[in-house]
Amino acid sequence: MEKMNTKRRIVLVPAPGQGHVTPMMQLGKLLDLKGFSITVVQGHFNQVSSSSQKFPGFQIVTIPESLQESEFERLGPIEFLLKLNKTSKASFKDCIGHLMVQHGNDIACIIYDEFMYFSEAAAKEFKLPSVVINTSSATNQACRTFLSKVNAEKFLANMEDPQAQDKVVENLHPLRYKELPVSDMGPVERVLDLCKDVVKERRAFAVIINTVSCLENSSLAWLDQELGIPVYPLGPLHITAPPPSSLREEDMSCIEWLNKQKPRSVIYISLGSVLSMKTKEVSEMALGLCDSNQPFLWVIRQGSEPLPEEVSKMVSEKGYIVKWAPQMEVLAHPAVGGFWSHCGWNSTLESVTEGVPMICRPFHGEQKLNAIYIESVWKIGIQIEGEVERGVVERAVKRLLVDEESASMRERALVLKEKVKASVRNGGSSYNALDEFVKYLEKVELSS
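Numbering (my numbering), first residue to last: 583 to 1030.
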C-alpha cells in the first residue's frame, strides 16, 4: 500500500511501563511508515523521551498535571490507574487543544492504551476519532470484557467456592474462573471497577491488538462479536515495526558469550522489567541452573538482592549474568534453546516469533493466562508452580533442553514461528489487517 499524499497526525497515549510503552512506540513506527506524523503524549510516570533518539521524527509531549512515579509505588497499579484517569482528563484536553492549534486541526485520530481511557473525553470534545490499543493478548482483553459485566457481589462469593472456581468460563475455553486475571494486582473488587471503567468509557471506533490470528483465533472471534467494532490484530509489533525501543541500557557483551556456546544449549532467563526477586528464590534458581549442567544467560536487574558469595562463584563458572539484555537478539541467537520467562505478553510474542520453547514462571494475572496458552494450548513450554526449589529448576531445564519431550516442544515452536512470520509478510493476516486499518481510518476521517 502506498503512503498517503498528505501527512495526517496521529496522537498516541501509552500507559505506564515498558510492556505498554514499547508496543505503542512500535505501532507509531508502523504508522509513520504508512505516511502519518506521530505525536506521543506521555505522563511523568513514563520514560518515552528516552526512546526519542530511536524515533527522531516523533513529537513527544508531557501532560503537565499527570501523576508522579512515586504515586505508582505508593498506590499500586490498580489504584494508580483509577486515580490517573480522574486527574488527567482536564490536562489531556488542554494538551489536545494546543496540538490542534499547533498542527492546524490536522489530527487524524487518538490511539490510546485501553487503560488511558481519560483520552475519550478529549476525543469527544474535539470530535476526533479514537482507537484503543490493547498491548496484551486478545484473551486477556476478552477476560476483561467478560469481567466488566459480572455481578461483583456474586463473583466475589464464587471466589470462595472451589467448585465454582474450577468451572470453565463460558466462551473462553480452556480458562477456568480461578484463572481469570483478577488476583495479585490489588483487591478483586477494585480490579473489577477498573475493568468496568475501561469498557464503560470506551467510545472508540476500532480496537488494535498486538497479537496474531494464528495464536488467538477463538479469542479474536469472540471479541469481534462482543465489541461490535472492528478488531485489528496487527502483531507481533516487534517484527512489523523494528527497531526495538528498550527503555533500559542493554549489555551487548552477552552476545559475544553466546557466540562461544553450542547450538540450542543455553537457557536464557529474564523475569521482566518490574520484578525484583528475593535472595532465597534467586539462590534456589542459581543452584538448580548449575545442577542442570546447561550454560545459562541470566538477566538479574538492578535492585534485586545480591547472590550469596558461594552461589555467585558457582554461577560465574557456569553462566553469564547481565543487568539487561538485548532480548530479541538473544532469542534469535542459535545458541539459545529455551527461555525462562515471567510470561509477559511482549516476551511471549518475542519467544514464539523465534521458535524458542519456554519455562513459565508467571507472577500475576495476565502472565498466568499467557502461561496457560504456552503450556496447554500451543504446547511449547512448561510451567513452574509453587515454590522455586533447586531440584524443580534442574528438572525443568532438562525437560526443556535435553529430555525426549524437548524435541516435540521445539518442533511445535518452530511450526508456530513460521506461521507467525508468515502473518506479517505480504498477504499475511497481520499485513492485511494493517492495510484494512489504514483504509478504515481514512474512511472514518472523511465521515467525521
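Glycine residues also receive a C-beta, built at the ideal position from the N, C-alpha and C atoms.
Source: prediction; values computed, not measured.
Rounded to the nearest angstrom, what separates residue i and residue j at their Cα positions?
{"i": "P598", "j": "L657", "result": "14 Å"}
{"i": "S990", "j": "T621", "result": "45 Å"}
{"i": "P646", "j": "A914", "result": "40 Å"}
{"i": "N953", "j": "Q965", "result": "Note that residue 953 is Ala in the sequence shown here, rather than Asn. Each residue's Cα considered, the two are about 7 Å apart."}
{"i": "R1007", "j": "A1015", "result": "11 Å"}
{"i": "Q650", "j": "R726", "result": "26 Å"}
{"i": "P826", "j": "D775", "result": "Confidence is the limiting factor: at P826 the pLDDT is only 48, short of 50, which leaves the residue's position unreliable, though a coordinate-based value still follows. Going by the C-alpha atoms only, they are around 34 Å apart."}
{"i": "E957", "j": "R772", "result": "29 Å"}
{"i": "S800", "j": "L757", "result": "12 Å"}
{"i": "V713", "j": "K782", "result": "15 Å"}
{"i": "P659", "j": "D779", "result": "15 Å"}
{"i": "M586", "j": "Q608", "result": "Interpretation of M586 is limited by its pLDDT of 48, a score under 50 that renders its predicted location unreliable; the figure taken from the coordinates is listed afterwards. The straight-line gap from Cα to Cα measures roughly 19 Å."}
{"i": "T644", "j": "P596", "result": "11 Å"}
{"i": "R977", "j": "S874", "result": "7 Å"}
{"i": "L664", "j": "Q949", "result": "21 Å"}
{"i": "L853", "j": "T861", "result": "15 Å"}
{"i": "V904", "j": "R883", "result": "8 Å"}
{"i": "A868", "j": "A739", "result": "41 Å"}
{"i": "Q876", "j": "R992", "result": "17 Å"}
{"i": "E702", "j": "A907", "result": "37 Å"}
{"i": "R972", "j": "P890", "result": "15 Å"}
{"i": "L594", "j": "W880", "result": "33 Å"}
{"i": "A746", "j": "Y759", "result": "7 Å"}
{"i": "L840", "j": "Y1013", "result": "33 Å"}
{"i": "D676", "j": "E661", "result": "24 Å"}
{"i": "P845", "j": "P916", "result": "5 Å"}
{"i": "M940", "j": "G920", "result": "6 Å"}
{"i": "F787", "j": "I811", "result": "6 Å"}
{"i": "P638", "j": "A672", "result": "29 Å"}
{"i": "Q909", "j": "H626", "result": "26 Å"}
{"i": "K842", "j": "R981", "result": "23 Å"}
{"i": "N716", "j": "N722", "result": "9 Å"}
{"i": "M641", "j": "A704", "result": "First, the residue type needs correcting, since residue 641 is Gln and not Met in the sequence shown. For Q641 and A704, the distance between alpha carbons rounds to 19 Å."}
{"i": "I592", "j": "K736", "result": "42 Å"}
{"i": "M834", "j": "V897", "result": "19 Å"}
{"i": "L809", "j": "C777", "result": "14 Å"}
{"i": "L710", "j": "V984", "result": "55 Å"}
{"i": "V848", "j": "A995", "result": "16 Å"}
{"i": "F697", "j": "N687", "result": "26 Å"}
By the 10 Å Cβ neighbour count, where 16 or more other Cβ atoms means buried, how is residue i classified, buried or exposed?
{"i": "V750", "result": "exposed"}
{"i": "E936", "result": "buried"}
{"i": "Q624", "result": "buried"}
{"i": "L615", "result": "exposed"}
{"i": "S929", "result": "buried"}
{"i": "H820", "result": "buried"}
{"i": "G968", "result": "exposed"}
{"i": "H924", "result": "buried"}
{"i": "H602", "result": "buried"}
{"i": "G947", "result": "buried"}
{"i": "P744", "result": "exposed"}
{"i": "Q807", "result": "exposed"}
{"i": "K1021", "result": "exposed"}
{"i": "E655", "result": "exposed"}
{"i": "E899", "result": "exposed"}
{"i": "G768", "result": "buried"}
{"i": "E986", "result": "exposed"}
{"i": "G870", "result": "buried"}
Which residues does DSSP list as the beta-bridge partners of residue i?
{"i": "C526", "result": "In this structure the chain extends from 583 to 1030, so residue 526 is not present and cannot be described."}
{"i": "S712", "result": "I692"}
{"i": "R758", "result": "V750"}
{"i": "Q624", "result": "T644"}
{"i": "L729", "result": "DSSP lists no partner for L729."}
{"i": "I851", "result": "W880, W922"}
{"i": "V593", "result": "T621, I692"}
{"i": "Y814", "result": "I790"}
If contacts are defined as beta-carbon pairs under 8 Å, then residue i and residue j qualify, I think. What distance do you get, rounded to the angstrom?
{"i": "V813", "j": "I791", "result": "6 Å"}
{"i": "S648", "j": "S670", "result": "5 Å"}
{"i": "N667", "j": "Y694", "result": "Not confirmed; about 11 Å, so no contact."}
{"i": "V893", "j": "V918", "result": "About 23 Å separates the two Cβ atoms, so there is no contact after all."}
{"i": "S1005", "j": "V794", "result": "5 Å"}
{"i": "L729", "j": "L754", "result": "About 11 Å separates the two Cβ atoms, so there is no contact after all."}
{"i": "F805", "j": "A734", "result": "Checking the sequence, you will find Leu at residue 805 rather than Phe. The Cβ separation is near 22 Å, so there is no contact."}
{"i": "L931", "j": "G817", "result": "6 Å"}
{"i": "K1025", "j": "A823", "result": "About 23 Å separates the two Cβ atoms, so there is no contact after all."}
{"i": "C691", "j": "K1001", "result": "The Cβ separation is near 31 Å, so there is no contact."}
{"i": "F708", "j": "M682", "result": "6 Å"}
{"i": "C942", "j": "G963", "result": "5 Å"}
{"i": "K706", "j": "R785", "result": "7 Å"}
Segments of 3+ residues assigned as beta strand (DSSP E) that fall wholly inside the region 854 to 917: 878 to 881, 901 to 904
* Asked: Can you list the beta strand (DSSP E) stretches of 3 or more residues lying completely in the region 780 to 807, in chain order?
  -> 788 to 791
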